[in-house]
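Residue numbers (our numbering): 26 to 337.
Ideal placement from N, C-alpha and C gives every residue a C-beta, glycine not left out.
Accompanying notes for the structure given below.
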Amino acid sequence: MRRRVGVVCNPTAGRGRAARARSEVLTGLSEAGHTPLDLTGRDYDDALSRARAALAEGLDAVVVVGGDGMVNLGANVLAGTGVPLGIVAVGSGNDIAGALDLPVHDIPAALAVLRRALTADDGVRQVDAVAVSTPGEPTSRWYVSSLCAGLDAAVGHHASRLRWPGNGGRYVRAIFAELSAFRPYGFRITADGETWEQDATLVTVSNTPLFGGGMRVAPGAVPDDGLLDLVTARGLSRAAVVRLFPLLFSGRHVDHPAVSVRRARSVRVEPFTALGANPPVAIVDGEPLTALPLQCDVHPRALSVLTHTVEG
């Protein structure tokens with residue numbers, strides 16, 4: 026059956042890999058008997074607008090070509106619609122594709138997944154999506170992987186400005202740069218109605234295990250369990266952060282006495298400067314969002330993803 030498929034590419038993702046991949050994806054979908062529509066925009070907002078307009082006119086799927094930022098764009102087009110999202114992961118950060126066991130930096134394999142999933146009865150996996158809002162306001166953004174609000178956010182901002190090395194290597198460079206002026210941040214956090222204040226180094230509200238180019242910040246997170254994993258690390262000295270940071274790659278940081286993991290359906294994160302520095306602008310799926318306070322609410326299985334994995 027011929028499908029009408031929107032294709033959105035981030036030409037700057039993966040140091041130009043996504044731009045080179047765009048024609049391969051469009052050609053591959055066409056050769057498979059589908060009707061691809063190139064919806065690539067000038068920037069995130071333009072592409073988001075183009076994709077939403079095409080969806081209103083009728084699409085059977087949207088395929089994003091790039092990294093986690095493009096998956097985030099796809100989620101903001103499709104969450105709650107039932108229209109599935111396809112992922113061709115060729116960005117510098119591909120943590121969402123990795124968490125969903127989809128091909129990374131392998132366009133032929135990604136196209137094979139898409140070709141099968143677009144026509145198979147078991148080609149769609151339902152995963153959770155997270156709605157973000159300023160408390161009391163409508164949803165302003167959706168995310169799939171994580172919201173970062175502590176040193177993790179500051180490092181993410183710094184890493185996004187670096188050109189090398191790839192994947193997690195940029196985060197290694199960024200954390201040492203950020204540590205030069207670091208002091209713990211102050212937070213008020215509410216999880217499923219329970220509120221507390223703390224100083225903290227790390228605050229991440231995760232739906233999937235990975236962030237930052239392969240770091241297992243929330244190793245127990247499951248993307249379709251209807252729960253968020255709130256990972257926090259109490260305020261630590263710079264030396265303690267240096268010792269803790271390498272453990273993020275294996276997930277062993279969760280065994281550190283300063284680290285806490287709790288599961289919740291709703292998490293609110295607010296600044297509380299009586300206990301520490303004002304937190305940085307939050308990031309979601311590696312993309313800058315806005316300053317705190319922010320509310321995160323999980324919507325179980327609100328996003329359909331084209332996959333080779335049989336759900337069940």
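Where DSSP assigns a beta bridge to residue i, which residues make up the other side?
i: residue 286; result: 256
i: residue 44; result: In DSSP, residue 44 forms no bridge with anything.
i: residue 207; result: In DSSP, residue 207 forms no bridge with anything.
i: residue 154; result: 324
i: residue 222; result: 213
i: residue 166; result: 157
i: residue 60; result: 29
i: residue 91; result: 114
i: residue 296; result: 212
Can you check whether the CB of residue j is closer than 8 Å to the CB of residue i?
i: residue 317; j: residue 266; result: no
i: residue 243; j: residue 283; result: no
i: residue 228; j: residue 199; result: no
i: residue 88; j: residue 113; result: yes
i: residue 118; j: residue 92; result: yes
i: residue 138; j: residue 127; result: yes
i: residue 253; j: residue 323; result: yes
i: residue 90; j: residue 108; result: no
i: residue 195; j: residue 184; result: yes
i: residue 95; j: residue 33; result: yes
Using the C-alpha atoms, what's the distance from residue j back to residue i?
i: residue 61; j: residue 106; result: 19 Å
i: residue 27; j: residue 165; result: 34 Å
i: residue 286; j: residue 56; result: 47 Å
i: residue 197; j: residue 262; result: 17 Å
i: residue 341; j: residue 178; result: The requested residue 341 does not occur in the structure, where the chain is confined to residues 26 to 337.
i: residue 301; j: residue 226; result: 10 Å
i: residue 319; j: residue 47; result: 35 Å
i: residue 150; j: residue 186; result: 33 Å
i: residue 65; j: residue 100; result: 15 Å
i: residue 132; j: residue 97; result: 19 Å
i: residue 159; j: residue 58; result: 43 Å
i: residue 280; j: residue 85; result: 44 Å
i: residue 162; j: residue 49; result: 41 Å
i: residue 297; j: residue 135; result: 44 Å
i: residue 312; j: residue 211; result: 22 Å
i: residue 224; j: residue 239; result: 26 Å
i: residue 103; j: residue 328; result: 7 Å
i: residue 337; j: residue 299; result: With a pLDDT of 43 at residue 337, under the threshold of 50, the predicted position of this residue should be treated as unreliable, and no value is reported.
i: residue 295; j: residue 182; result: 19 Å
i: residue 321; j: residue 54; result: 35 Å
i: residue 35; j: residue 277; result: 33 Å
i: residue 68; j: residue 74; result: 10 Å
If I'm right that residue i touches residue j with Cβ under 8 Å, what's the distance once you round it to whole angstroms?
i: residue 76; j: residue 31; result: 6 Å
i: residue 260; j: residue 209; result: 3 Å
Any heavy atom of the ligand NAD closer than 7 Å to the CB of residue i?
i: residue 299; result: Looking for the ligand NAD in the displayed structure turns up nothing, as the structure carries no ligands at all.
Query - Contact between the segment 259-273 and the segment 304-311 (3+ Cβ pairs under 8 Å) - result: no
Requested in this report: Pair every Cβ in the segment 210-222 with every Cβ in the segment 291-300, then say whether three or more of these pairs are closer than 8 Å.
Outcome: yes
Requested in this report: State whether the segment 168-183 contacts the segment 227-235, with contact taken as three or more CB pairs (one from each stretch) at a distance under 8 Å.
Outcome: yes
Report task. Count the C-beta pairs between the segment 138-155 and the segment 327-334 that are closer than 8 Å, then say yes if the count reaches three, no if not. Result -> yes
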